[in-house]
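Asks:
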Amino acid sequence: MRTGEGLLGRLAEGGRRPLVVDSSLAALYAAGSLVLGQETPAAPWQPMDALGRVLILLVSAALTVRRVAPVPVLAAVIALWLGYIGCGYWPVVNSPAVLLALYTVAAAHRTRTAAVCAAAVGVTWVVAGLLGGRYTPLPAVAVQAVAFPGVVAFLGRGAGVSAERSRRLAVLTDRLRAEQELRAERAVTEERVRIARELHDVVAHHMSVVSLQAGMASYVVEVDPVTAKGALEAIATTSREALEELRRLLALLRVGPEGEPEGAGEAAPYAPAPGLDRLEELVRRVRAAGVPTELRREGTPFRLPPGMDLCAYRVVQEALTNVLRHAGPAAAVVLVRYAARTLTVRITDDGNRSAPADSPSTGGHGLIGMHERAKIYRGTVSAGPRAGGGFEVELRLPAPHAAGGEPVGRPHP
């Protein structure tokens with residue numbers, strides 16, 4: 043039962059087209075053999091009769107499924123051929139079927155199987171010569187028994203190797219195409235995450251400052267117009283800076299065909315990304331929003347690659363934004379320490395947080411974005427409450443001059 047199921051399964055897997063081709067070839071073979079059988083020489087061969095025709099048709103029927111079960115078909119064809127010769131019929135009529143079945147085995151199986159089957163056909167050829175070739179010289183039969191199966195098996199194995207190579211190449215091509223599509227999808231996803239992180243860093247900080255300044259202005263507009271005016275001016279300045287950073291980000295996204303930002307010749311904004319050299323501006327904005335903030339630098343400054351410089355700036359920006367949002371009445375300190383092998387940026391505050399830095403209300407992008415940025419440059423970010431109250435965020439990045447860069451500037455006290 044299992045054998046029948048396997049045969050039907052292989053027929054289904056092989057598809058209809060090979061079966062139709064093999065059936066047509068078997069029909070042509072049957073027609074040719076029946077015609078050739080009518081031309082059987084006189085004695086000593088048995089004239090073609092009904093039994094001979096049945097044996098020819100059985101061989102042809104076996105050939106229709108030669109690609110589904112190559113070895114069983116070869117065994118069946120050999121047995122039918124020996125029976126055909128044993129009945130005294132002319133051996134030439136059914137001998138091509140044996141060679142065709144051997145070719146199919148060699149094309150479908152490994153070299154060892156092909157060699158064993160070729161040897162079996164050779165032995166069968168000699169036996170056939172002994173059965174019906176009393177008038178055929180035995181040396182000629184021996185040469186045929188070696189040459190015919192050997193050449194057919196060699197050609198069949200070559201065709202099989204070529205077909206297998208083509209199949210493997212097709213599989214590798216499909217796999218490569220799938221990997222390329224997956225890589226492209228991953229690149230798109232990573233780019234979306236990067237853009238979302240940039241937008242979050244730009245918008246969240248500036249909008250937090252604007253929100254606080256607007257609230258303060260509406261609160262003191264009647265009792266302290268001067269303070270309200272200062273808050274409105276801070277809102278205008280912060281809004282302009284936010285627009286400039288958004289324009290810079292959009293200019294980077296709109297890349298023209300030659301790698302230039304679209305509109306570059308039309309005064310398109312393409313200012314350099316912010317870095318640690320702009321921390322003073324950032325600290326001033328936070329102070330203007332009502333949080334006393336101090337900036338300290340220690341060690342000898344060294345030049346950072348643009349991406350690493352932006353990473354450090356964004357971490358400070360996100361940490362101070364969280365101070366504005368969650369720390370309540372607080373003071374903050376930003377410490378930038380340049381060491382021989384490490385750049386350390388620490389942001390501390392002494393406030394009482396009303397919500398965690400990555401609470402659901404913030405969307406959970408803050409600390410996650412910090413960790414992702416630092417990871418790109420083999421850095422680390424730690425964040426948590428301080429023992430004496432408040433919160434601390436620390437970024438550690440490997441110093442680039444340790445890999446060949448040069449320090450710049452003078453040591454800070």
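Just so we're aligned: the sequence shown equals residues 43 to 455 in my numbering. All C-beta atoms, glycine included, are put in the ideal place defined by N, C-alpha and C.
Look up Phe190 in the DSSP assignment and give the residues it is bridged to.
Replies: Here residue 190 is taken as the residue at index 148 of the sequence shown, counted from 1. In the DSSP output, where bridge partners are listed per residue, Phe190 has none listed.
Asks: Just curious, the alpha helix (DSSP H) that Pro3 is in, first and last residue?
Replies: Since the first and last residues shown for the chain are 43 and 455, residue 3 lies out of range.
Asks: On the DSSP bridge list, what partners appear for Ser424?
Replies: By 1-based counting over the sequence shown, the position of residue 424 is 382. Partner(s): Glu436.
Asks: Candidates Glu81, Ala117, Pro343 and Val357: which alpha carbon is nearest Leu324's?
Replies: Looking up residue 324 in the sequence shown gives position 282. Closest by alpha carbon: Val357.
Asks: Using DSSP with H/G/I as helix, E/B as strand and the rest coil, what is Asp351?
Replies: Walking along the sequence shown from the start, residue 351 turns up at place 309. Of the three classes helix, strand and coil, the one that applies to Asp351 here is helix, per DSSP.
Asks: If I follow the unbroken beta strand (DSSP E) through Leu374, where does it start and stop?
Replies: Counting from one through the sequence shown, the residue named residue 374 turns up at place 332. The amino acid occupying residue 374 in the given sequence is Ala; Leu does not appear at that position. Note, Ala374: beta strand (DSSP E), Ala374 to Tyr380.
Asks: Look at the alpha carbon of Ala315 and the alpha carbon of Asp216, and state the distance between them as a whole number of angstroms.
Replies: Taking the sequence shown and counting its residues from 1, one reaches residue 315 at position 273. Taking the sequence shown and counting its residues from 1, one reaches residue 216 at position 174. Looking at the two C-alpha atoms, the distance is approximately 41 angstroms.
Asks: Counting only runs that start and end within the segment 65 to 89, where is the beta strand (DSSP E) found for 3 or more residues in a row?
Replies: none
Asks: Between the alpha carbons of Pro427 and Leu437, how many angstroms are there, rounded?
Replies: Within the sequence shown, numbered from 1, the residue matching residue 427 stands at position 385. Within the sequence shown, numbered from 1, the residue matching residue 437 stands at position 395. Computed Cα separation, rounded: 15 angstroms.
Asks: If contacts are defined as beta-carbon pairs under 8 angstroms, then Ala160 and Ala195 qualify, I think. What distance do you get, rounded to the angstrom?
Replies: In the sequence shown, the residue the question calls residue 160 occupies position 118. In the sequence shown, the residue the question calls residue 195 occupies position 153. 4 angstroms between Cβ atoms; contact.
Asks: Would you identify the three-state DSSP class for Glu340, choosing helix, strand or coil?
Replies: Counted from its first residue, the sequence shown places residue 340 at position 298. It is a strand residue.
Asks: Quick check on the DSSP output: the beta strand (DSSP E) that includes Arg109 runs from which residue to which?
Replies: Start at 1 with the first residue of the sequence shown, and residue 109 comes out as number 67. Note, Arg109: premise wrong, no beta strand (DSSP E); not H, not E.
Asks: Sorted by chain position, which residues of the same chain lie with C-beta nearer than 6 angstroms to Asn136's C-beta, five sequence neighbours on each side aside?
Replies: As a working note, residue 136 is residue 94 in the sequence shown. Once the five neighbours on either side are set aside, the close Cβ partners of Asn136 are Val101, Trp123 and Tyr126.
Asks: So Arg388 is in the beta strand (DSSP E); what residue range does that whole segment cover?
Replies: One-based indexing of the sequence shown puts residue 388 at position 346. Its beta strand (DSSP E) spans residues Thr384 to Asp391.
Asks: Gly391: buried (16+ other C-beta within 10 angstroms of its C-beta) or exposed?
Replies: Translated into positions along the sequence shown, residue 391 becomes position 349. According to the sequence displayed, residue 391 carries Asp and not Gly. Buried, because 16 or more other Cβ atoms sit within 10 Å of the Cβ of Asp391.
Asks: Can you tell me where the alpha helix (DSSP H) holding Val96 begins and where it ends?
Replies: Within the sequence shown, numbered from 1, the residue matching residue 96 stands at position 54. Ala92 to Leu105 is the extent of the alpha helix (DSSP H) around Val96.
Asks: I'd like to confirm the pairing. Which residues does DSSP put opposite Thr335 in its beta bridges?
Replies: Mapped onto the sequence shown, residue 335 falls at position 293. Beta-bridge pairing links Thr335 to Ala374.
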